[in-house]
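Asker: One structure coming up, written as structure tokens, with questions to follow.
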Amino acid sequence: MRNRYVGKKIDRVDARDKVTGKALYSADFYLEDMLYLKVLRAPHPHARIKSVDVSKARTIPGVAMAISAKDVPWVKNFGMIFKDQEVLVREKTRYMGDALAIVAAETETIARQALDYIEVDYEPLPVISDPLKALEKESPYIHEPREENCDPGLNPGNLLCTHRLERGDLERGFSEADVIVENEIRTPHIEHVALQPEAGVAKYDKETGVCTMWVATQWLHDIQADVAQALDMKTEQVQIIQPAIGGAFGKREDVSVHIIIALMAILTGRPVKMEMTREELMITQNKRHPIIFRHKTGVKKDGTITAWKAEVIGDTGAYASTGSAVVHQALYMCTGPYNVPNLSGVSYTAYTNNTYAGAMRGFGATQAAFAYETQMDCIAAELGLDPLEFRKKNAYELGSMTPNGQILTTSVGVKDTLEKAAEVFGYKPDQLSKEENGKIRGIGVASSMFGCGYGEGFPDHSIVDLEVTDEGKILVHSAAADVGQGILTVVCQIVAEVLDIPLELVELAPGDTHTSKNAGSTSATRQTIFSGNAAKLAAEELLGKIYHRASLELVKHHPQFLVQEGEIVLQGTETRISLAELAKIAREKGDPLHAEGCYFPRTDVPDEATGQGNLVYVAYTFNTHIAEIEIDKYTGETRVLRVVAVPDVGRVINRIGVEGQSEGGTVMGVGMALMEKQVIEEGITKNADLSTYLIPTSLDMPEIITEIVESGDAAGPYGAKGIGEPALLPAAPAIINAIYNATGVRFFHTPVTPDQVFKAIKDREKKNS
Amino acid sequence: MAKVKVEFKVNGREYSREVEAATRLLDLLRNELGLIGTKEGCGKGECGTCTVLMDGKPVNSCLVLAPQANGREILTIEGLSSGDRLHPLQDAFIKKGAVQCGYCTPGILISAYYLLKNNPRPNRDDIKEGISGNLCRCTGYVKIIEAIESVTEGREGHEE
Amino acid sequence: MIIDLGYAAPDSLQKALQILKEDPSCKVLAGGTDLLVKFYDAREKMGNVLDISRLEELKGLEIGKDKIFLGSLTSHEQIYRNPQLQKIVPFLCRAAKSVGAPQIRHQGTLGGNLANASPAADLAPPLIALDAVVFLAGPEGERSFKLADFFTGPGKTRKNPDEIISGVEFALPKGDFRGTFLKVGQRRALAIAVASLAIALNFQDGVVKNIRLAAGSVAPVPLRARKTESILEGQKLAGLPLDKAADQLKKEASPIDDIRGTGDYRSQVLGNLLRKGMYELLSQEGVRENG
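Each protein sequence line maps, in turn, to chains A, B and C. For the first sequence, the positions run 2 to 770 when the numbering used here is used. For the second sequence, the positions run 2 to 161 when the numbering used here is used. For the third sequence, the positions run 2 to 292 when the numbering used here is used.
If you want it as structure tokens, here you go:
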């Protein structure tokens, strides 16, 4: 069947508002009589708080309210998985972002000035910045010790959790190997740099007891629940209306201003607004987890992998956030899209006094991909095999088994992506680095896997509601957060496809906890699969209802009429009923044209001791990059010249959206490979702004060619699977493998900066001479 | 506190406001004039989301004191389209998929507008240079560059 | 005259100097690209602002027969885009182009770049290499310094608080003049120099003449590397002692470790910038090794 919209290049439904400056983001809301909030953050990363005195701040003209923890003893902790984070710190700070006091004032300037008048008495405690140190039994506890789930020998106050993978016979696997390659690979703190800083506006209605807020989140209903429980409210007393969202990348999965604005709107009885500065949010809000990988791989001379042992240590910082899930995902993806018969792995998630880490694009799988693609490249070099051929030899096929023991039965395009990438790039197995005029060129390959959806038996569903309006339009209620990736366009496309109507007839209601149902989060590369399927199911149900109602009205059987272009047409006649008319009739008859689609696939909880399960994720997205780089021998500067990106997305829904994700992910990977690292020393961030934390500019981007592999048999609508996170995964390792190809020097960390490349080239020249 | 008077033109309209000396042009546009299309991303001139034209030249409005705008002419994103009619650049951004989260979009459009006004036939490198003061974290810049390229002189209406 | 509203934008240099005399603590604002960054989260603490951006006396770019004068309000963009400068001193334009990005180049001024006295100021090395002189307007009249002697430390110059930079002047290069500017940054736009080097010289009868070297981000101030110059001065193009010069250049520098790079890298790369820059100049059209 030819599709009308699916697979095409479709203009985004929100683009017009965005190009005219009319789209409203959190900070763009101005309410009458609004107060401005500022927060006093920790004076020290780890300190016993003796007192917080806000009395002087309260006397500043224009200050409406200033509070510390002791003013709101009833406020509860929050957190996505573990409720270990305090809204206002009571007894001790655990990182520099901890809140000690909140000021509400008539202007932002007054609120800011008032912070200077708050007096904090504290006693510094030893700061633990290194996760390995944190795990040592003798280290001071950052949190209350929890002996029950702690490995003996590790620190019960600093170990958040442990996960394991066990399959086959590791010892036998290693004994079959001709070569064993061992490496330690590390990734740093990375900041999302969503362009829109965290901000929000809230108001409280005393009559109804409802606090309404306009604030970005990747998961309306989850944040709603967390705000409600923290403030001891019923869930329905918290209403979140989703504004336009200026990027997310995982940043907005966590609570930022949400609880604070709700709390202060309630306490002051006036609308409030809070905007974080870039510096504040970089210090306060979640980071990408730094992770240490210790890989040991056994391989035969012909390139067959026989065994893989992995140890994964993640630094989740002061609070858990989603850290337990991120670090174990890094373990669960630790061998990438390659067949490994014998496998043993363990992951530890450690608390430290660093800025807490949470979700960021790839959710552990990004760090994992850098580590396994470094390891794979090392093995290929060790065996003298071509890196691309070596990957192809071990790559998954139908019937392959993932690290979690899931047998892949559909949509395994990893080999196709490797082959396609080689073809488009013009890759030749014997391509060596070449030097010309002080510039050295190199080529690098990396492939990756990503499990879409929460998986692991975690309840994961999305609901889309559709109704036919009196104007004959289809109104879509979806709480799926469009953070820029374009899910709402995908939802509209699918609805229009199923109903065979012009896209213009599909209208979106704003995401709102009170009018739309749970869509789950915009994370885990799940919305195209989950909300896409929910939209398809809803549209199909609505189509059924339309047929049913029309057949009653026309007293005809289904085959005799068609639903098209927003009309019901009786075949071979002039008789037509518009959707608007039909909707009106249906409503009058007490059976409105309304439908709900819910997609709720089952997954299995992996066995705790072995990490093995049958159906751990609903789909896996694969992606291969080949990168060409050029190094300036005089300065060590690396330029990425060209990247061929070949993701396997099952089926394209919006072509321009898939390309956009691929291109954006690639450039984010350029940043990860060459410049991005939030430097946190002893708990203190040294580069909390965009002049010292650098991301790529338009002059740093390579030429990017995206070719898409479509197998058409994945779990999503029309056989689709997700692309958001997988788009990033192979980018950084391909670039750093290319640096190896160019220089012969292997880097086991990101970012690889000019001074490091420079030194490596020098050292190598010294060695060779 | 005494205030400084600022009389200036924004998108062709005269405004007169009294502001505290330390007010930024960005705050004046957003908080006083309601022109919220101009965004704040970093406050330090590093991201370009607050780009406007001042007397025809691109500036980061977070690094301009409101009184500096006295007697000047400002163009913001709201002034790019006329009524319902979009500027060709805006159309191109929609058609080419240059918009994702959209937060950088107003600033980039202003930079692109300036670029084309001064150089109607920029090559790819000129375009990259022209928007190099505007960070985008979503798109990888590819489709933004293609969108701008598609409205350069002699290429209007060009379809691939 | 005092600043009564926290802000003044006088229309003459004389008035501006009067204000500065009465309140030398006020912040002088030209483009604002440094001042507002400094106070980005505490503008209320900025104090009185003297906005000199409207002073006609400080504008202008005069290219005479023997001299070039750049008014202190000349923007980086004006320097970068000036067709005559591009012909006469293209490496100065290259340095101006390497500043920030279009917005910053339009806002930021020559005077601001020098007054701010960052060791990384991009315009300083090429101007020092051009042996430029900086002019200061003050209550007692005008003073001038060789730009190479103007900077005294990070953020510090010989300018008194009651003085304003009025402009910079340098002699029009003569003969077979060549110049280049090389900058290492962490990315290709919006980048502060990790290290930079300007080279200006004449190729005369197959010999290096009048060489001037100035480096950025490798010392507390933009650095004129006179000892290195003396190694290359008068040397034949065939067989220039570049290794010796590069080693000397590293010795003249005293870079520090910071968030952008290590001191060790900075001095190493500086030596390489000299090599790279000299190769670039030697490979230019019209260069003959034997005069």
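Quick reminder that beta carbons are idealized off the backbone N, C-alpha and C, glycines included.
With a threshold of 8 Å between beta carbons, is I105/C in contact with chain B?
Answerer: So, interface residue.
Asker: Counting only Cβ pairs nearer than 8 Å, list the residues of chain E close to P755/A.
Answerer: The question asks about chain E, but that chain is absent: this structure's protein chains are A, B and C.
Asker: Q225/A and T209/A look like a contact to me (Cβ under 8 Å); what is the Cβ gap, rounded to whole Å?
Answerer: That pair is no contact at about 16 Å.
Asker: Starting from the Cα of T77/B, find the closest Cα among L66/B, Y115/B and D85/B and give me that residue.
Answerer: Y115/B
Asker: Please classify H159/B as buried or exposed, where buried requires at least 16 other C-beta atoms within 10 Å of its C-beta.
Answerer: Reliability of the predicted coordinates at H159/B is poor, the pLDDT of 48 falling under 50, and the value obtained from them is presented with this limitation in mind. Exposed, since its Cβ has fewer than 16 Cβ neighbours within 10 Å.
Asker: Using beta carbons (cut-off 8 Å, strictly below), is L198/C in contact with chain A?
Answerer: no
Asker: Output the boundary residues of the alpha helix (DSSP H) element that contains D18/A.
Answerer: A16 to V20
Asker: Is the CB of E160/B under 8 Å away from at least one CB in chain A?
Answerer: In this prediction, E160/B scores a pLDDT of 46, lower than 50, which makes its location untrustworthy; no coordinate-derived value is stated.
Asker: Under three-state DSSP, which class holds A99/B?
Answerer: coil
Asker: According to DSSP, what are the bridge partners of L66/B?
Answerer: R25/B
Asker: Suppose you measure from the CA of G103/B to the CA of L224/C; what does that come to, to the nearest Å?
Answerer: Between the alpha carbons of G103/B and L224/C lies a gap of roughly 44 Å.
Asker: Does DSSP classify K210/C as helix, strand or coil?
Answerer: strand
Asker: With F9/B as the anchor, note down where its beta strand (DSSP E) starts and where it stops.
Answerer: V5 to V11
Asker: Note down the Cα distance separating K97/B from M402/A, rounded to an integer number of angstroms.
Answerer: When rounded, the distance between both Cα atoms is 40 Å.
Asker: Using 8 Å as the Cβ pair cut-off and three pairs as the minimum, do the stretch 29–45 of chain A and the stretch 100–109 of chain A touch?
Answerer: The stretch 29–45 of chain A vs the stretch 100–109 of chain A: in contact.
Asker: Using DSSP with H/G/I as helix, E/B as strand and the rest coil, what is C493/A?
Answerer: helix
Asker: Is the CB of Q85/C under 8 Å away from at least one CB in chain B?
Answerer: no
Asker: In chain order, what residues of the stretch 697–708 of chain A put their CB closer than 7 Å to some CB of chain B?
Answerer: Legend: CB atoms of the stretch 697–708 of chain A lying less than 7 Å from CB atoms of chain B belong to residues T698, S699, L700, M702 and I705.
Asker: Take the Cβ of E161/B as the centre, count every other Cβ of all protein chains shown within 10 Å, and call the residue buried at 16 or more, exposed below.
Answerer: With a pLDDT of only 43 at E161/B, under the threshold of 50, the placement of this residue in the model should not be trusted; the figure read from the coordinates follows. Exposed, since its Cβ has fewer than 16 Cβ neighbours within 10 Å.
Asker: Suppose the cutoff is 7 Å on Cβ atoms and the five residues either side in sequence are ignored; what does the same chain contact list for A178/A look like?
Answerer: G299, V300, K301, T307 and A308
Asker: Tell me whether N114/C counts as near the ligand ZN, meaning its Cβ is closer than 7 Å to at least one heavy atom of that ligand.
Answerer: Of the ligands one can find in the structure shown there are none, so the ligand ZN has no counterpart to examine.
Asker: Taking Cβ-Cβ distances shorter than 7 Å, what residues in chain A pair up with S82/B?
Answerer: The contacting residues are T21.
Asker: Rounded to the nearest angstrom, how far is the Cβ of Y81/C from that of A97/C, given a contact under 8 Å?
Answerer: 4 Å
Asker: Whose C-alpha, out of A510/A, V273/A and E139/A, is nearest the C-alpha of A65/A?
Answerer: Residue V273/A is the option with its Cα nearest to A65/A.
Asker: I'd like to check one pair, I191/A with K678/A: are the Cβ atoms closer than 8 Å?
Answerer: yes
Asker: Run down chain A in chain order and give the residues with a C-beta less than 7 Å from the C-beta of T106/B.
Answerer: Going along chain A in sequence order, the residues near T106/B (Cβ under 7 Å) are K19 and V20.
Asker: One question on the structure: do C43/B and L691/A come within less than 8 Å of each other, judged by their Cβ atoms?
Answerer: Between C43/B and L691/A, the CB-CB gap stays under 8 Å.
Asker: With a threshold of 16 other CB atoms inside 10 Å of the CB of A358/A, please say whether the residue is buried or exposed.
Answerer: Flag for A358/A reads buried.
Asker: In angstroms with no decimal places, state the Cα-to-Cα distance between L26/B and I37/B.
Answerer: 12 Å
Asker: Give me the chain C residues within the contact set of T52/B, using Cβ-Cβ distance strictly less than 7 Å, ordered along the chain.
Answerer: Q104
Asker: Considering N395/A, what are the terminal residues of the alpha helix (DSSP H) in which it resides?
Answerer: P388 to N395
Asker: What does R138/B touch in chain A if you count any residue whose Cβ is under 8 Å from its own?
Answerer: H193, V194, A195, L196, G248, F250, G665, M669 and I696
Asker: Taking the alpha carbon of A539/A as the point to measure from, which residue in C453/A, V477/A and P132/A has its own alpha carbon closest?
Answerer: For the residues C453/A, V477/A and P132/A, the minimum Cα distance to A539/A belongs to V477/A.
Asker: Residue range of the beta strand (DSSP E) that D466/A falls in?
Answerer: S463 to V469
Asker: How would you write the range of the beta strand (DSSP E) that P125/A sits in, first residue to last?
Answerer: Run containing P125/A: E120 to P125, per the beta strand (DSSP E) assignment.
Asker: Would you tell me roughly how many angstroms separate the C-alpha atoms of G487/A and I293/A, rounded to the nearest one?
Answerer: 33 Å
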